[in-house]
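Here is the structure we will look at, set down as structure tokens.
2 protein chains.
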Amino acid sequence: MSKVKIVTHPQVQDLELTKVLHALSDPVRLELVRMLAAQRDLPCSALCLGRPKSSMSHHFKTMINAGLLRVDVAGNVHLNNLRLDDLESRFPGLMAAVLEPR
Amino acid sequence: MSKVKIVTHPQVQDLELTKVLHALSDPVRLELVRMLAAQRDLPCSALCLGRPKSSMSHHFKTMINAGLLRVDVAGNVHLNNLRLDDLESRFPGLMAAVLEPR
DNA sequence: ACAGCAGTTCGACCTTTATCGAACTGCTGT
DNA sequence: ACAGCAGTTCGATAAAGGTCGAACTGCTGT
Chain C
0 MSKVKIVTHP
10 QVQDLELTKV
20 LHALSDPVRL
30 ELVRMLAAQR
40 DLPCSALCLG
50 RPKSSMSHHF
60 KTMINAGLLR
70 VDVAGNVHLN
80 NLRLDDLESR
90 FPGLMAAVLE
100 PR
Chain B
0 MSKVKIVTHP
10 QVQDLELTKV
20 LHALSDPVRL
30 ELVRMLAAQR
40 DLPCSALCLG
50 RPKSSMSHHF
60 KTMINAGLLR
70 VDVAGNVHLN
80 NLRLDDLESR
90 FPGLMAAVLE
100 PR
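In the order they appear, the protein sequences are chains C and B.
Quick note on numbering that gives the first Met the number 0: the first sequence kicks off at 0 and runs consecutively.
Quick note on numbering that gives the first Met the number 0: the second sequence kicks off at 0 and runs consecutively.
Right under this line is the structure:
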């Protein structure tokens with residue numbers, strides 16, 4: 000019997016600005032966003048950078064719930080990607096503005 | 000003897016993106032931002048809308064510390080204004096993106 | 001001087017959030 | 001089957017944040 004890991008990503012029209020802004024307002028998560036903007040398909044391990052996995056898992060969940068992140072499960076590994084297109088269509092210019100400083 | 004009420008607004012170069020995003024991520028404060036984007040020089044009384052003054056004072060402080068708001072004291076009344084120019088020069092496009100949805 | 005108004009401060013309360021170790025789940029290669 | 005790896009869940013803890021009433025400060029008009 001196979002168990003499917005269900006990760007629920009909110010739909011584009013359900014993204015809430017306050018949730019997105021809150022997800023972006025933590026320094027750790029903002030760093031993740033910048034790393035993911037620079038490189039696609041990063042696994043959790045590449046994003047942890049020495050921080051405890053359980054702390055990171057918490058941040059991933061926050062970002063997924065806010066609609067910032069999409070996770071693709073590839074066997075053992077979770078590949079993380081920003082939902083840049085979705086965010087752009089819902090909140091035009093937002094991610095560009097957040098990513099620009101540096 | 001006169002006592003001067005000192006309100007310290009952070010300088011442009013000291014604005015921090017995470018603080019700004021956090022200040023924007025609360026529904027009440029986001030509403031204040033939208034009201035202030037539509038109309039300048041609003042006093043606290045015009046922004047409270049039935050909510051307790053002490054709650055509002057807390058939000059104003061958060062917004063001032065983040066650099067979102069500038070307060071001009073005019074006698075009895077505090078005139079609030081978004082620091083749109085400062086925010087634009089520090090985080091180009093951010094406020095436009097936040098204000099656009101609706 | 002004084003009443004009244006605008007807004008802040010204080011203190012209490014409760015909820016949310018960040019952090020982390022330990023235990024757990026599920027996949028992979030052998 | 002099993003060891004090992006990737007990541008999640010759980011539970012505890014501590015800190016931050018939102019809400020509000022009550023008391024306070026400072027200005028204004030009379």
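Quick reminder that beta carbons are idealized off the backbone N, C-alpha and C, glycines included.
Within the same chain, VAL76, HIS77, LEU78, ASN79 come within 8 Å of PRO42 of chain C by CB-CB distance, once the 5 residues on both sides are set aside. Among the bridge pairs identified by DSSP, VAL70 of chain B is matched with B:ASN79.
Membership of LEU46 of chain C in the alpha helix (DSSP H) is indicated by the continuous run 43-47. Contact check for ALA96 of chain C against PHE90 of chain B passes: the beta carbons are separated by less than 7 Å. The beta carbons of SER24 of chain C and HIS21 of chain B sit about 4 Å from each other, so the pair counts as a contact at 8 Å. By the CB criterion at 7 Å, ARG69 of chain C and ARG82 of chain C fall inside the cutoff. GLY66 of chain C and ASP84 of chain B have their alpha carbons spaced roughly 29 Å apart. Residue range 52-65 is occupied by the alpha helix (DSSP H) that includes ILE63 of chain C. ARG39 of chain C counts as exposed, since fewer than 16 other beta carbons sit within 10 angstroms of its beta carbon. Counted as a single uninterrupted DSSP element, the alpha helix (DSSP H) harbouring GLU30 of chain C occupies residues 26-37.
CA-to-CA, the gap between SER53 of chain B and LEU46 of chain B works out to about 13 Å. Within chain B, PHE90, PRO91, GLY92 have C-beta atoms less than 8 Å from the C-beta of GLU99 of chain C, given in sequence order. Here VAL72 of chain C is exposed, its C-beta having fewer than 16 other C-beta atoms within 10 Å. With its beta carbon at least 7 Å from every one in chain C, ALA73 of chain B lies outside the interface.
Annotation: LEU31 of chain C has no Cβ neighbours in chain B at a cutoff of 7 Å; minimum Cβ distance is about 13 Å. For THR17 of chain B, the enclosing alpha helix (DSSP H) starts and ends at 16-23. Between SER88 of chain C and VAL11 of chain C, the beta carbon gap of about 6 Å places them in contact (Cβ cut-off 8 Å).
In summary, no residue of the stretch 41-62 of chain B has a CB separated from any CB of chain C by less than 8 Å. Taking every protein chain shown into account, the CB of LEU93 of chain C has 16 or more other CB atoms within 10 angstroms, so this residue is buried. For VAL6 of chain B, the secondary structure class from DSSP, reduced to helix, strand or coil, is coil.
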